[in-house]
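Taken in sequence, the protein lines are chains A and B. With the first letter of the first sequence counted as 1, position 352 gets the number 377 in the numbering used here; the numbers rise by one all the way through. With the first letter of the second sequence counted as 1, position 167 gets the number 192 in the numbering used here; the numbers rise by one all the way through. Don't be surprised by glycine CBs; every beta carbon is placed ideally from N, CA and C.
There are 2 protein chains.
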Amino acid sequence: MGGDHGPSVVIPAVARAIAVLPGSVRFLLHGDEAAIAAELSKHGGVAGRVEVRHSDRVVGMDEKPAQALRRSKGTSMWNAVEAVREGQAVAAVSAGNTGALMAISKLILRMSADLERPALVTSIPTGRAVTTFLDVGANIDCDAERLVEFAIMGEAFHRAAHGVPKPTVGLLNVGSEEMKGHGEVREAHSILRHGGLDLDYRGFVEGDDITRGVVDVIVTDGFTGNIALKSMEGAARFMSNELRNALTSSVLATLGAFLARPALLRFRERMSPPPAAPLLGLNGIVLKCHGGASDRDFAQAIRVAVDLARSDFSAEIERNMRRLPAALAEQAPAEGAPPSQDDPGDAASQGAAE
Amino acid sequence: MGGDHGPSVVIPAVARAIAVLPGSVRFLLHGDEAAIAAELSKHGGVAGRVEVRHSDRVVGMDEKPAQALRRSKGTSMWNAVEAVREGQAVAAVSAGNTGALMAISKLILRMSADLERPALVTSIPTGRAVTTFLDVGANIDCDAERLVEFAIMGEAFHRAAHGVPKPTVGLLNVGSEEMKGHGEVREAHSILRHGGLDLDYRGFVEGDDITRGVVDVIVTDGFTGNIALKSMEGAARFMSNELRNALTSSVLATLGAFLARPALLRFRERMSPPPAAPLLGLNGIVLKCHGGASDRDFAQAIRVAVDLARSDFSAEIERNMRRLPAALAEQAPAEGAPPSQDDPGDAASQGAAE
Chain A
26 MGGDHGPSVV
36 IPAVARAIAV
46 LPGSVRFLLH
56 GDEAAIAAEL
66 SKHGGVAGRV
76 EVRHSDRVVG
86 MDEKPAQALR
96 RSKGTSMWNA
106 VEAVREGQAV
116 AAVSAGNTGA
126 LMAISKLILR
136 MSADLERPAL
146 VTSIPTGRAV
156 TTFLDVGANI
166 DCDAERLVEF
176 AIMGEAFHRA
186 AHGVPKPTVG
196 LLNVGSEEMK
206 GHGEVREAHS
216 ILRHGGLDLD
226 YRGFVEGDDI
236 TRGVVDVIVT
246 DGFTGNIALK
256 SMEGAARFMS
266 NELRNALTSS
276 VLATLGAFLA
286 RPALLRFRER
296 MSPPPAAPLL
306 GLNGIVLKCH
316 GGASDRDFAQ
326 AIRVAVDLAR
336 SDFSAEIERN
346 MRRLPAALAE
356 QAPAEGAPPS
366 QDDPGDAASQ
376 GAAE
Chain B
26 MGGDHGPSVV
36 IPAVARAIAV
46 LPGSVRFLLH
56 GDEAAIAAEL
66 SKHGGVAGRV
76 EVRHSDRVVG
86 MDEKPAQALR
96 RSKGTSMWNA
106 VEAVREGQAV
116 AAVSAGNTGA
126 LMAISKLILR
136 MSADLERPAL
146 VTSIPTGRAV
156 TTFLDVGANI
166 DCDAERLVEF
176 AIMGEAFHRA
186 AHGVPKPTVG
196 LLNVGSEEMK
206 GHGEVREAHS
216 ILRHGGLDLD
226 YRGFVEGDDI
236 TRGVVDVIVT
246 DGFTGNIALK
256 SMEGAARFMS
266 NELRNALTSS
276 VLATLGAFLA
286 RPALLRFRER
296 MSPPPAAPLL
306 GLNGIVLKCH
316 GGASDRDFAQ
326 AIRVAVDLAR
336 SDFSAEIERN
346 MRRLPAALAE
356 QAPAEGAPPS
366 QDDPGDAASQ
376 GAAE
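Okay, structure coming up:
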């Protein structure tokens, strides 16, 4: 029921997914029975693989998470996550209220291993493949241990989602030298480098490495990650607008754009933002779809959910999480204190431009 | 002497700048006399408006700032900044080592008013005009007071550089609601909103607002700012590459791109990163040019320096800085404690995706 469009996007998405997924994959549809039935009637061949679970109530897109949580029992979102906990579904996919979905998922499914809170992960296209990027907004204040948890979760997710046997991991910073950045990233760097975790850690990376694909997984706190992601989305949107303006600025340009139209459409397709952000670290698989997702986007999110359900990425997260206490003990005391802000030399050495 | 190209870029840039600037604008060129003379001989009409100040030594592009600072006296960079302090020059422009330039500038010029450290500011193109964005890497750890200082400096800079009488100011965050973000941004928000500073403060903005132009000035800490800026640059570079691939993917696309070539070149021009980042808050004007700047970029940086020198933006910074102690007192105690990370409702309310 969630997102900007509800069943009118979700049901066509299910129809698309069913067309490419094996017959063993079946769907529980949570929401208003009548609205769902109306959409289902437009898609032959779908009815045999879905089961409708009626719910009277929905979580509003604009509700504050804490408020939504209090009255969420029995909503379509609650029921979808509850079905994962009860083993009736292997994954939940929602285009609804992000904060509410996180709160409900954490309450119902609980965190896996000793993880503290879910992380929101996204996939960014690069010249070579995709970069797994987290956290993109679930955890605003992150200490070093939290950043290391993200590395563990992100690496297992990348292997599960993209079939890369040993993904490489980088930590987002303002420069690649050891002394760069604030205390938390430098401490996390030290744990990742010397803590004996089973990760192919490659050190610090910078903002422009996200789209360059120098490592498979890039880790940062949810404040920086959210702002970096939205900044890139904004830059991409701005460039698309400018390109459209340029290509309609003269008769010749318009003719040129017409001839290049198929190539430009493929370009636009490749630039579109990723359709789904999985919530990592829960005892169960939950994916958040963009509120404005198209049926094609939502179908893609369903396929990611199926891939994740087939993999044992939760077990991999747990395996590495078991090594974390030893890694933290080994690393202490933290390498080097933060440089004083008053010394112009040291202060400048934190400077990152260039 | 700095940057990737030295005099072979700087002298042609000076020639370009001289062609458009009034005759009263003159130049001191610091560096190796012979190298400068060789370049000057290629540009007639320039010699009458420049004066060469020989220096034997240069700051290396790869030197650590603290190390560069110790042996910087008598380098071309040192002499350029020293000339500003002595009133021989109204501004210094360098394409050299950023960290060293900051350290040397702070040491020689000292900070203006009660500012603590310089901020690096950049200009991002938007659909409407440009966004002034700071700090992009000089200050990694920022408390609320530092963020408010950035707002004061950025607003005065935007007025001086772009002639906007009353620039609007926003604070970068993961959402626009009051409860979003970490303690520092919420406290800065409260000071800016209720502290009685002479600023047109518009509240929180998000990452994609940087290129949208919803406010004139966007303020953030140097860690987030550097990563957001580089992420956008990376996204822009990635899109340009993909566009080039798309437009050479078939005969028709190539033909189309050929017809649209002038428009595509204008597009690329508009997307190029800003050539210079002024160091704000010093008793004097210092601009940092991209190390890889072209003569055209460097000429543009010179013009920005002249505009800044003609304005009284330093006086404006000082005027508002004098109100800061009262603003800090008025605002205390900070509005609301950070929400607990353990409560799933509040925790989720910090979530920012969507």
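Next on the checklist: Using a 10 Å radius around the Cβ and a threshold of 16 neighbouring Cβ atoms, would you call V45(A) buried or exposed?
Outcome noted: Position 20 of the first sequence holds residue 45(A). When all chains shown are included, V45(A) counts as exposed.
Checklist entry - Residues in its own chain within less than 6 Å of M136(B) by CB, not counting five upstream and five downstream? => result The residue labelled residue 136(B) in the question sits at position 111 within the second sequence. The answer, listed in chain order, is G306.
Item to check | Reduced DSSP category for S119(B) - H, G, I as helix; E, B as strand; rest coil | outcome: Translated into positions along the second sequence, residue 119(B) becomes position 94. Looking at S119(B) - three-state DSSP - the assignment turns out to be strand.
Checklist entry - What do you get for V276(A), buried or exposed, if any count of 16 or more other CB atoms within 10 angstroms of its CB means buried? => result Taking the first residue of the first sequence as 1, we reach residue 276(A) at position 251. By the neighbour-count rule (16 or more Cβ atoms within 10 Å), V276(A) is not buried but exposed.
Checklist entry - Given that a residue counts as buried once 16 or more other Cβ atoms are within 10 Å of its Cβ, and exposed if not, what is L290(B)? => result One-based indexing of the second sequence puts residue 290(B) at position 265. Exposed.
Next on the checklist: For L222(B) and V109(A), what's the separation of their Cα atoms in angstroms?
Outcome noted: Numbered from its first residue, the second sequence carries residue 222(B) at position 197. Numbered from its first residue, the first sequence carries residue 109(A) at position 84. If you take the alpha carbons of L222(B) and V109(A), they lie about 52 Å apart.
Next on the checklist: Quick check: is the beta carbon of K255(A) nearer than 8 Å to any beta carbon in chain B?
Outcome noted: Taking the first residue of the first sequence as 1, we reach residue 255(A) at position 230. Output row for K255(A): interface = yes.
Checklist entry - Under the rule that 16 or more other beta-carbon atoms within 10 Å means buried, what is A38(B), buried or exposed? => result As a first step, residue 38(B) must be located in the second sequence, where it is residue number 13. Buried.
Item to check | Within 8 Å, strictly: CB atoms of M102(B) and A144(B) | outcome: As a working mapping, residue 102(B) is identified with position 77 in the second sequence. As a working mapping, residue 144(B) is identified with position 119 in the second sequence. Against a cut-off of 8 Å, the Cβ pair of A144(B) and M102(B) comes out as no contact.
Checklist entry - When you compare each of N198(A), H187(A), V161(A), L140(A) to R171(A) by their alpha carbons, which one comes out closest? => result Working through the first sequence from its first residue, we reach residue 171(A) at position 146. Here the closest residue by C-alpha is L140(A).
Checklist entry - Quick one, are the C-beta atoms of K255(A) and G259(B) less than 8 Å apart? => result Here residue 255(A) refers to the residue found at position 230 of the first sequence. Here residue 259(B) refers to the residue found at position 234 of the second sequence. Not in contact: K255(A) and G259(B) (Cβ atoms no closer than 8 Å).
Checklist entry - In the DSSP assignment, what residue or residues form a beta bridge with S148(A)? => result To locate residue 148(A), count along the first sequence from 1; it is residue 123. The partner list for S148(A) (beta bridge, DSSP) reads T157(A).
Next on the checklist: Using a Cβ distance threshold of 8 Å, determine whether the stretch 195-210 of chain B contacts the stretch 348-357 of chain B, with at least three qualifying pairs required.
Outcome noted: no
Checklist entry - For the candidate residues V244(A), A282(A), G31(A), H55(A), whose alpha-carbon lies nearest to that of A176(A)? => result Locating residue 176(A) in the first sequence gives position 151, counting from the first residue. The shortest C-alpha separation from A176(A) is found at V244(A).
Next on the checklist: Within the continuous beta strand (DSSP E) that includes L304(A), where are the two ends?
Outcome noted: For the purposes of this step, residue 304(A) is identified with residue 279 of the first sequence, where counting begins at 1. Residues 301-305.
Next on the checklist: Give me the residue from S215(B), I149(B), A117(B), T151(B) with the minimum Cα distance to M26(B).
Outcome noted: Locating residue 26(B) in the second sequence gives position 1, counting from the first residue. Minimum Cα distance to M26(B) is reached at A117(B).
Checklist entry - Which runs of the alpha helix (DSSP H), 4 residues or longer, sit entirely within the stretch 42-87 of chain B? => result 58-65
Checklist entry - Quick one: does D289(B) have its CB under 8 Å from some CB of chain A? => result Along the second sequence, read from residue 1 onward, the residue named residue 289(B) stands at position 264. Residue identity check: residue 289(B) is Leu in the sequence provided, not Asp. Output row for L289(B): interface = yes.
Checklist entry - Which residues in the same chain have their Cβ closer than 7 Å to the Cβ of S130(A), if we skip the five residues on either side of it in sequence? => result As a first step, residue 130(A) is located in the first sequence; it is residue number 105 there, counting from the start. Residues V106, P143, L304, L307, V311 of the same chain have their beta carbon placed closer than 7 Å to that of S130(A), with the five preceding and five following residues left out of the count.
Next on the checklist: Tell me which residues share the same chain as A282(B) and place their Cβ nearer than 6 Å to its Cβ, disregarding the 5 neighbours each side in the sequence.
Outcome noted: Taking the second sequence and counting its residues from 1, one reaches residue 282(B) at position 257. Cβ neighbours of A282(B) beyond the five flanking positions: L272.
Checklist entry - Cα-Cα, which of D322(B), G309(B), K98(B), D234(B) is closest to E294(B)? => result As a position in the second sequence, residue 294(B) is number 269, starting the count at 1. Looking at the Cα atoms, D322(B) is the closest of the given residues.
Item to check | Inter-stretch contact (C-beta, 8 Å, three-pair minimum) for the stretch 146-159 of chain A and the stretch 183-197 of chain A | outcome: yes
Next on the checklist: Tell me the residue span of the alpha helix (DSSP H) that contains I235(B).
Outcome noted: Numbered from its first residue, the second sequence carries residue 235(B) at position 210. It is not in any alpha helix (DSSP H) - I235(B) carries neither H nor E in the DSSP assignment.
Checklist entry - Nearest to E267(A) by alpha carbon, out of R344(B), A288(B), R262(B), G69(B)? => result Working through the first sequence from its first residue, we reach residue 267(A) at position 242. Closest option to E267(A), Cα to Cα, is A288(B).
Checklist entry - Counting only runs that start and end within the stretch 277-343 of chain A, where is the alpha helix (DSSP H) found for 4 or more residues in a row? => result 286-296, 320-335
Item to check | Nearest-angstrom Cα separation, counted from A59(B) out to S33(B) | outcome: The residue you call residue 33(B) lines up with position 8 of the second sequence. The residue you call residue 59(B) lines up with position 34 of the second sequence. The alpha-carbon atoms of S33(B) and A59(B) are separated by roughly 12 Å.
Item to check | chain B contact for A294(A) (CB, 8 Å cutoff) | outcome: Position 269 of the first sequence, counting from 1, holds the residue named residue 294(A). The question names Ala, yet the displayed sequence has Glu at residue 294(A). At least 8 Å separates the CB of E294(A) from every CB of chain B.
Next on the checklist: Give me the chain A residues within the contact set of R262(B), using Cβ-Cβ distance strictly less than 9 Å, ordered along the chain.
Outcome noted: Walking along the second sequence from the start, residue 262(B) turns up at place 237. For a Cβ distance threshold of 9 Å, residue set D233, T236, R237 of chain A lies close to R262(B), ordered along the chain.
Item to check | Simplified DSSP state of T273(B), which is helix, strand or coil | outcome: Here the question's residue 273(B) lines up with position 248 in the second sequence. Note: T273(B) maps to coil in three-state DSSP.
Checklist entry - Is L94(A) helix, strand or coil by DSSP? => result What you label residue 94(A) is simply residue 69 of the first sequence in a count that begins at 1. Reduced to three states, the DSSP call for L94(A) is helix.
Next on the checklist: Cβ closer than 7 Å: which chain B residues qualify as neighbours of H55(A)?
Outcome noted: Walking along the first sequence from the start, residue 55(A) turns up at place 30. Correct list: empty, because the minimum Cβ distance to chain B is about 20 Å.
Checklist entry - Is the shortest distance between the beta-carbon of D168(B) and the beta-carbons of chain A less than 8 Å? => result Stepping through the second sequence from its first residue, residue 168(B) is reached at position 143. D168(B) does not count as touching chain A.
Item to check | One or two residues paired with V244(B) in a DSSP bridge | outcome: The residue you call residue 244(B) lines up with position 219 of the second sequence. DSSP lists L159(B), L196(B) as partners of V244(B).
Checklist entry - Taking just the CA atoms, how far does L134(B) sit from A373(A)? => result Within the first sequence, numbered from 1, the residue matching residue 373(A) stands at position 348. Within the second sequence, numbered from 1, the residue matching residue 134(B) stands at position 109. Any reading at A373(A) must be qualified, since the residue scores a pLDDT of 39, below 50, and its modelled position is unreliable; no value is offered.
Item to check | Own chain residues within Cβ distance below 6 Å of K313(B), not counting five before or after | outcome: Taking the first residue of the second sequence as 1, we reach residue 313(B) at position 288. So the qualifying residues of the chain are T123, L126, A302.
Checklist entry - Taking 8 Å as the CB-CB limit, is E267(B) close to chain A? => result As a first step, residue 267(B) must be located in the second sequence, where it is residue number 242. Yes, E267(B) counts as interfacial toward chain A.
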